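For reference, the structure discussed in these notes is given below.
Residue numbers (the numbering used here), protein chains in the order written: chain Y, 1 to 290; chain U, 1 to 342.
What follows is the structure, given as structure tokens:
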């Protein structure tokens, strides 16, 4: 029963990692950009939810309704300006620029909001949980986050498979030059992909703020977990990201069960083992690596 | 004017190939004066300035190693703090075993090089950005593992033994000299490494990897050597860091900020030049000392500056200067010059 609980809590945690990672997976799949500021964008979204939306008289629980679309817009603008400019240089520049942004954002948040922990206030909901068996407690918030992750991934899959814009996104991801020759404006498509990525990361950031305390430095740690989820699941595979997130979550819960010190270590070790025996990840194609 | 007497294309009198556009004597004399001054510094300048210089040297060591990785071998690591931390902890370990802390510096560098070899077999499976993430995971894992070892102070840290029987001024002088010598060895070593055959292979990979491979360059092994050398250099930086700030803590030694500083300094000074990281470090320290009272603003300003440089002046300040004036203080490349037909 103890182990069942470990697995259940791991899956719930994995849902959050998948939500956090799907924007990253999309950005890499379509733009071939690794956004090292991804985690910090999530933290910014959480700070916006806590400090700015109350001014609009919106309860913090519903703040995502306004923060998510705003981040989508920001994503489009940031892509068309900063990120596109660095893509035009070379892949290294995107890494340097996004890492630079990450450090700048983190320190700005430290300067403005101090290192104190914050939470997105959701009232009594935070303590409510479903209690199906003696020692198993399933928090409604974690369950909602897992459901949101599955919903976001399903919607993304439907969007990519059945809409015209989605098909364009896939075309640009497969072969940018060929898509361009067929008349696709790849910069606009990149902007749309970035908008979706930023919107999902805003969701992930607010979800994180609901689940636990966050601080300006939370972005880096969560980004590391998100990257681990993407690599474990397989680079460029959306559902692989969900499986990778869950595998990571379960590994961390097993580690934490042995000794709370081992939580992150267990996840890192799973990542390194996957890297050693199956570098393309569980669902990835070999070609994604080269 | 003079007739050319070099080989190949040069026989036609069309081009001339030179290491440098000015006489190396200037650099040599300048370098000698600088070496003498910096060696004597702790006896000349006040103690605070010597401490600042030490921190500056540590940054120069790290940035030079990061620049070797990214600027010459195209590997963007955001996990070099792994080797800074491991170097610091190796020093602590050897000191606990009774070795003189100053003697442990080369041992710690060697230990980091040995650890780096198996690490390359893991992280080289990923490319580009995913390589960067993998190095970060390695750094995080190394920090977490070290944090579980009680003998090394666990998560809370431990004071480095072996320095207490020296007088404070002796400690200050010796640690200054140790840091300065390591910085000198790292910069001069990098210079000769880049002028060697390996430097040529790296330049060919940077210019065109496919062409370099087909010409017989062993890309993977060249990168492996660079990664191991950079690990040793960062390990030495960690060792001198442990001596200059002898309370060793995982969160301090394995701090991500080391990676951020190495990267910003190299980018601003100029990736792919030896002078760049040094100039970047100077700018960083001037800014840090000026904005000391304003918390982390120096990092915010410096980061913004680095992003702007990456976007609009990707060759960095020294790179831009060199391109305009065709001069290198530490020439590792060759200049090809067209000779005007008479």
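From the three backbone atoms N, C-alpha and C, an ideal C-beta is built for every residue, glycine too. In this text the structure is predicted, and so the values were computed from the model without any measurement.
Closer than 7 Å between beta carbons: that is the criterion. Which residues of the segment 97 to 108 of chain Y meet it against chain U? Listed by position, the residues of the segment 97 to 108 of chain Y near chain U (Cβ gap below 7 Å) are 97, 99, 100, 101, 103, 104, 107, 108.
Suppose you measure from the CA of residue 109(U) to the CA of residue 123(Y); what does that come to, to the nearest Å? One C-alpha to the other measures close to 53 Å.
Local conformation of residue 271(U) per DSSP, three classes: In this structure, residue 271(U) counts as coil in the three-state DSSP scheme.
What do you get for residue 66(U), buried or exposed, if any count of 16 or more other CB atoms within 10 angstroms of its CB means buried? Only buried fits residue 66(U), as 16 or more other CB atoms lie within 10 angstroms of its CB.
So, at 7 Å on beta carbons, what are the nonlocal neighbours of residue 58(U) in its own chain, with the 5 sequence-adjacent residues on each side left out? Once the five neighbours on either side are set aside, the close Cβ partners of residue 58(U) are 179, 237, 240, 241.
Could you tell me whether any Cβ in chain U is nearer than 8 Å to the Cβ of residue 86(Y)? Under the 8 Å criterion on CB atoms, residue 86(Y) is classed as interfacial with respect to chain U.
DSSP three-state call for residue 178(U): helix, strand or coil? In the structure shown, residue 178(U) sits in a helix (DSSP, three-state: H, G or I).
Can you check whether the C-beta of residue 277(U) is within less than 8 Å of a C-beta belonging to chain Y? For residue 277(U), the answer is no, since every Cβ of chain Y falls outside 8 Å of its Cβ.
Distance between beta carbons of residue 30(Y) and residue 190(Y), contact taken as under 8 Å: Taking the Cβ atoms as the reference, residue 190(Y) lies roughly 7 Å from residue 30(Y), within the contact range of under 8 Å.
Can you have a look at residue 121(U) and say buried or exposed, based on whether 16 or more other CB atoms are within 10 angstroms of its CB? Within 10 angstroms of the beta-carbon of residue 121(U) lie fewer than 16 other beta-carbons, which makes it exposed.
Which residue spans inside the segment 298 to 342 of chain U form an unbroken beta strand (DSSP E) run of at least 3? You should have 335 to 338.
Can you check DSSP and say which residues form a bridge with residue 109(U)? In the DSSP output, where bridge partners are listed per residue, residue 109(U) has none listed.
Three-state secondary structure assigned by DSSP to residue 334(Y): Examination of residue 334(Y) is not possible in this model, given that chain Y is present from 1 through 290 alone.
Could you tell me which chain U residues have their CB closer than 8 Å to the CB of residue 91(Y), listed as they occur along the chain? Here the neighbours are 128, 129.
Any idea what DSSP makes of residue 265(U), helix, strand or coil? Judged by DSSP in its simplified three-state form, residue 265(U) adopts helix.
On the three-pair Cβ rule with 8 Å, is the segment 71 to 86 of chain U touching the segment 137 to 149 of chain U? Judged by Cβ distances under 8 Å, the segment 71 to 86 of chain U makes contact with the segment 137 to 149 of chain U, as three or more pairs qualify.
Straight-line CA distance for residue 221(Y) to residue 327(U)? Distance between the alpha carbons of residue 221(Y) and residue 327(U): 43 Å.
Three or more C-beta pairs closer than 8 Å, one from the segment 183 to 198 of chain Y and one from the segment 72 to 89 of chain Y: is that the case here? Segment contact: the segment 183 to 198 of chain Y against the segment 72 to 89 of chain Y, three or more CB-CB distances shorter than 8 Å; contact assigned.
Closer than 8 Å, Cβ to any Cβ of chain Y: which residues of the segment 291 to 313 of chain U, in chain order? For the segment 291 to 313 of chain U, the residues whose beta carbon sits under 8 Å from a beta carbon of chain Y are, in order, 295, 296, 297, 299, 300, 303, 304, 306, 307, 310, 311.
Residues that residue 247(U) bridges to, as DSSP identifies them: Looking at the DSSP assignment, residue 247(U) forms a beta bridge with 159(U).
Could you name the residues of the same chain whose beta carbon sits closer than 7 Å to that of residue 92(U), not counting the 5 residues immediately before and after it, in chain order? Taken in chain order, the residues that qualify are 152, 158, 160, 242, 248.
Check residue 120(U) in the structure and name its three-state DSSP category. Three-state result, residue 120(U): helix.
Could you work out which residue in 240(Y), 275(Y), 253(Y) is closest to residue 21(Y) when comparing CA atoms only? When each option's Cα is compared against that of residue 21(Y), the closest is 240(Y).
Give the range of the beta strand (DSSP E) segment to which residue 139(Y) is assigned. Residue 139(Y) -> beta strand (DSSP E) spans 136 to 139.
Rounded to a whole number of angstroms, what is the C-alpha to C-alpha distance between residue 106(Y) and residue 264(U)? Each residue's Cα considered, the two are about 15 Å apart.
Distance, residue 283(Y) Cα to residue 234(Y) Cα: When the Cα atoms are used, residue 234(Y) and residue 283(Y) turn out to be separated by approximately 5 Å.
Would you say residue 356(Y) faces chain U, with C-beta separation under 8 Å as the test? Coverage of chain Y is limited to positions 1 through 290, which leaves residue 356(Y) absent and any answer about it impossible.
Which one of 223(Y), 274(Y), 254(Y), 270(Y) has the shortest CA to CA distance from residue 36(Y)? The shortest Cα separation from residue 36(Y) among 223(Y), 274(Y), 254(Y), 270(Y) belongs to 223(Y).
Starting from the N-terminal side, write out each stretch of the alpha helix (DSSP H) that is 4 residues or longer and does not extend beyond the segment 175 to 226 of chain U. Within the segment 175 to 226 of chain U, the complete alpha helix (DSSP H) runs of at least 4 residues fall at 197 to 207, 209 to 214.
Neighbour-count burial assignment, residue 62(Y), 16 or more Cβ in a 10 Å radius: Per the 10 Å Cβ criterion, exposed.
Which residues does DSSP list as the beta-bridge partners of residue 118(Y)? The partner list for residue 118(Y) (beta bridge, DSSP) reads 214(Y).
Simplified DSSP assignment, three categories, for residue 73(U): Residue 73(U) falls in the coil class under three-state DSSP.
Under the three-state DSSP convention, the category residue 3(U) falls into: Residue placement at residue 3(U) cannot be trusted, given a pLDDT of 39 that sits under 50; what the coordinates show is reported in the next sentence. It is coil, neither helix nor strand.
Taking only beta-carbon atoms, is residue 258(U) less than 8 Å away from chain Y? For residue 258(U), the answer is no, since every Cβ of chain Y falls outside 8 Å of its Cβ.
Residue 176(Y) and residue 186(Y) look like a contact to me (Cβ under 8 Å); what is the Cβ gap, rounded to whole Å? Confirmed, Cβ separation roughly 5 Å.
Between 130(Y), 65(Y), 82(Y), 90(Y), which lies nearest to residue 74(U) when the distance is taken from Cα to Cα? Comparing Cα-Cα distances from residue 74(U) to each of 130(Y), 65(Y), 82(Y), 90(Y), the minimum goes to 90(Y).
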